[in-house]
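Before any comments, here is the structure.
Number of protein chains: 2
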Amino acid sequence: MSRDLTVSIDAMGGDAGPGIVVTALARSIIRHPAVKFLVHGDEAVLKPLFDKRPKLLPRIEIRHSAERVRMEEKPSQALRRGRNTSMWRAIESVAKKEAEVAISAGNTGALMAMSMYQLGLIDGLDRPAIAALWPTKRGQSVVLDVGANIQCDAQQLVDFAVMGEAFARSILGLERPTVGLLNVGSEDQKGGEEVRAAAHILRGAKLPMEYAGFVEGDDIAEGTVDVIVTDGFTGNIALKTAEGTAKVLVYFLRTALRRSLLGQIGGFIAAGALGTLRRKLDPRASNGGIFLGLNAVVVKSHGGTDAMGFASALDMAIDMARADVIPKIAADRAILAASNAGAAAQ
Amino acid sequence: MSRDLTVSIDAMGGDAGPGIVVTALARSIIRHPAVKFLVHGDEAVLKPLFDKRPKLLPRIEIRHSAERVRMEEKPSQALRRGRNTSMWRAIESVAKKEAEVAISAGNTGALMAMSMYQLGLIDGLDRPAIAALWPTKRGQSVVLDVGANIQCDAQQLVDFAVMGEAFARSILGLERPTVGLLNVGSEDQKGGEEVRAAAHILRGAKLPMEYAGFVEGDDIAEGTVDVIVTDGFTGNIALKTAEGTAKVLVYFLRTALRRSLLGQIGGFIAAGALGTLRRKLDPRASNGGIFLGLNAVVVKSHGGTDAMGFASALDMAIDMARADVIPKIAADRAILAASNAGAAAQ
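If you read the protein sequences in the order shown, they are chains X and S.
My numbering applies: residue 1 is where the first sequence begins, and numbers increase by one.
My numbering applies: residue 1 is where the second sequence begins, and numbers increase by one.
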């Protein structure tokens, strides 16, 4: 079998167990004919699942691991006791260069801690970030950090901007993405010290991006900029607030349509259009947070995802592995460091 | 004329000028037969507008002020030079007990600064907050702070919880509202120091509310709790992110419906149901932030609002003035102070 890249999967991570991973793989092997998959987990559970799908067997390799990381486990605890878990081993395959990218639907904090420990950070970076692709009026934007870092200083926000533009250049195919800092107003004096200091650095930075200034919460869905930079606390709450709003809106719409006979008929006829909308907004279609800043890419699928969602996260992992985003981040981080050194020398 | 309360209006504050205020008043005088309105602004502009609506004249009093606060003005600057502005005078009428509540569609920062200066804070409070009524699956929840305070310590978050529950008891008619702290997860160890320390205080506080622990972004629209407490940076971004998401969702829906003939027909028939949805989500129907923590209530209407939106904000101002929320906040703040003193004495 020709192999252009290998994906390392923690098959025991998600709430739904390894069944959805196997179903997702059945789809992925067709879509990605030259990709190989290392599947980490309990062989006694995995083998019978794969035996039912013989077409998968030439494309996968089961790697037995006896344990798994639990969802409620603290990252520090998982890191201490977790060397025999499917999550640790999935990352280890990337650290040992047996695979280019790792993916898990498990405990986010544990996955981040184990990834940092085994893969290390790109030179000059302080912290990794979790990036999300956000559906917008214009297409998709990248939002980061959506949960790795509760508090961030100015330099970290600048680093997130670098990771975000490298990601947008790699995955969205943009030559010079526009980058905005999330804030409570667009005027220069708005927001806390960190975000204002980050704005000052970005305004002067010679990076392959257009710094577009401060953006507000409603600019995310509008698609005002390609990359939205914020701390992990705000980003996580913005992401979940948007998800909740979309969910309740669709619920309201269904209720409103059901209320009248005319609405029911209209709703029936409009079902096709609603289907288009649902596909556009389906969280499974852009499932997963991407860990950026490490020396390899790790993709986190939602813990509660189904097979379709895990297949989308696999698509994302494969796109990321092919896009060479790490050298782009490293190169831009070096540009920043050089201009900092230049500024310090003056 | 019998008078049960008086509303003091900054008629020059909004982007659209005083025309929308006058139109909104035409609606308000019918809905609130015993309310009087002090209208602050440029008499030369206001008088011709009111002359065209003679029914308004017995219910309003024009108070001339030559100047106005500009939207882009810094709060500190407005405070220094603004004594002759319609905004300052509108608040002054409340400070002088000529009116019970003030309302403006002008510069939020200037309105907050002038309100703090002239009205003062309720005893024991450190900072005011801006509260918003948020449409949820279950009805409405109170979210605060949505923009007054960029960074908040634990005691401020606790004070916001007190303001929020007093507001929910007054306006939503709840005896013991449920209160949640906005965070990035529901586990005890999640989030920054401030939010965890606030949780510790609220867990032990003897207040007329149920402390429900940490809630996440998607809990807001779900209506999981009646009151959501957060810092002004996160709250503002969550509010605007939700507004943007709702707006883009409705745009997607319209586009999807227009795409097919069947969708067009379905959309036409479903128009009644969509109308119900639009009314439910119309930002004009819950227009305005409520300044809490001051010795009187001040309502901020959106700067870009229309007459219908300003009329809704007037409804809110009148409800607030009648609800006696200030004594409730003061009483609960005293309970907290007593239990702090008790804890310190032990």
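Quick reminder that beta carbons are idealized off the backbone N, C-alpha and C, glycines included.
All of these numbers come straight from a predicted model, not from anything done at the bench.
Which residues of chain S have a Cβ atom closer than 8 Å to the Cβ of residue i, listed in chain order?
| i | result |
| --- | --- |
| residue 218(X) | 240, 241, 243, 244, 247 |
For a contact meaning CB atoms closer than 9 Å, what does residue i contact in chain B?
| i | result |
| --- | --- |
| residue 222(S) | Among the chains of the structure shown, chain B does not appear; the protein chains present are X and S. |
Report the partner residues of residue i according to the DSSP bridge assignment.
| i | result |
| --- | --- |
| residue 347(S) | This structure does not reach residue 347(S), given that chain S is present from 1 up to 346, and the question cannot be answered. |
| residue 37(X) | 7(X), 60(X) |
| residue 244(S) | For residue 244(S), which the question treats as bridged, DSSP gives no partner whatsoever. |
| residue 178(X) | 210(X) |
| residue 300(S) | 104(S), 289(S) |
| residue 135(S) | 140(S) |
| residue 121(X) | 294(X) |
| residue 129(S) | 292(S) |
Taking C-beta pairs closer than 7 Å, name the residues in chain S that residue i reaches, listed in chain order.
| i | result |
| --- | --- |
| residue 147(X) | 184 |
| residue 151(X) | 192 |
| residue 305(X) | None at all; the shortest Cβ gap to chain S is about 15 Å. |
Which chain S residues are close to residue i, counting only those with a beta carbon under 9 Å from its beta carbon?
| i | result |
| --- | --- |
| residue 300(X) | Those within 9 Å of residue 300(X) in chain S number zero; the least Cβ separation is about 14 Å. |
| residue 234(X) | 233, 234, 237, 238 |
Tell me whether residue i, by its Cβ, gets closer than 7 Å to a heavy atom of the ligand MN.
| i | result |
| --- | --- |
| residue 58(X) | For the structure depicted, the ligand MN is absent and the ligand set is empty, with no information on it obtainable. |
Going along chain X in order, which residues have a C-beta closer than 7 Å to the C-beta of residue i?
| i | result |
| --- | --- |
| residue 251(S) | 137 |
| residue 52(S) | Under the 7 Å cutoff, chain X gives no residues; its nearest Cβ is about 36 Å from residue 52(S). |
Name the chain X residues whose beta carbon is nearer than 8 Å to that of residue i?
| i | result |
| --- | --- |
| residue 429(S) | Missing from the structure shown is residue 429(S); chain S here goes from 1 to 346 and no further. |
Are there three or more Cβ pairs, one per stretch, closer than 8 Å when the stretch 230-238 of chain X is compared with the stretch 199-217 of chain S?
Note that the stretch 230-238 of chain X touches the stretch 199-217 of chain S; at least 3 beta-carbon pairs, one per stretch, sit closer than 8 Å.
Jot down the residue ranges of each uninterrupted alpha helix (DSSP H) in the stretch 63-106 of chain X, minimum 4 residues, whole runs only, in chain order.
75-81, 86-95
Under 8 Å, with one C-beta from each stretch per pair, do the stretch 289-300 of chain S and the stretch 100-117 of chain S reach the 3-pair mark?
yes
At a Cβ cut of 8 Å, what residues of the stretch 186-217 of chain X count as close to chain S, listed as they run along the chain?
187, 189, 191, 192, 216, 217
Runs of 3 residues minimum, wholly inside the stretch 192-237 of chain S: which ones carry the beta strand (DSSP E) assignment?
210-215, 227-229
Would you call the stretch 142-149 of chain X and the stretch 221-234 of chain X in contact, with 3 or more CB pairs under 8 Å?
When Cβ pairs closer than 8 Å are counted between the two stretches, the stretch 142-149 of chain X is seen to touch the stretch 221-234 of chain X, the count reaching three or more.
Taking 8 Å as the threshold, find out whether the stretch 188-208 of chain X comes into contact with the stretch 149-167 of chain X through three or more Cβ pairs.
yes
Between the stretch 328-335 of chain S and the stretch 135-142 of chain S, do three or more beta carbon pairs fall short of 8 Å?
No contact exists between the stretch 328-335 of chain S and the stretch 135-142 of chain S.
How about the stretch 53-72 of chain S and the stretch 13-23 of chain S: do they share at least three Cβ pairs that are nearer than 8 Å?
yes
When the Cβ atoms of the stretch 315-331 of chain X are set against those of the stretch 66-78 of chain S, are three or more pairs found closer than 8 Å?
no
Relative to chain X, which residues along the stretch 96-122 of chain S have a C-beta separation below 8 Å, given in chain order?
none
Could you tell me whether the stretch 300-313 of chain X touches the stretch 174-184 of chain X, where touching means 3 or more Cβ pairs closer than 8 Å?
Because the criterion of three Cβ pairs below 8 Å is not met, the stretch 300-313 of chain X and the stretch 174-184 of chain X do not touch.
At least three beta-carbon pairs within less than 8 Å, the stretch 85-96 of chain X to the stretch 24-40 of chain X
Between the stretch 85-96 of chain X and the stretch 24-40 of chain X, the count of Cβ pairs shorter than 8 Å is three or higher; the stretches touch.
Counting beta carbon pairs with one atom in the stretch 104-113 of chain X and one in the stretch 187-195 of chain X, are three or more of them shorter than 8 Å?
A contact is defined here as three or more CB-CB pairs under 8 Å, and the stretch 187-195 of chain X fails this definition with respect to the stretch 104-113 of chain X.
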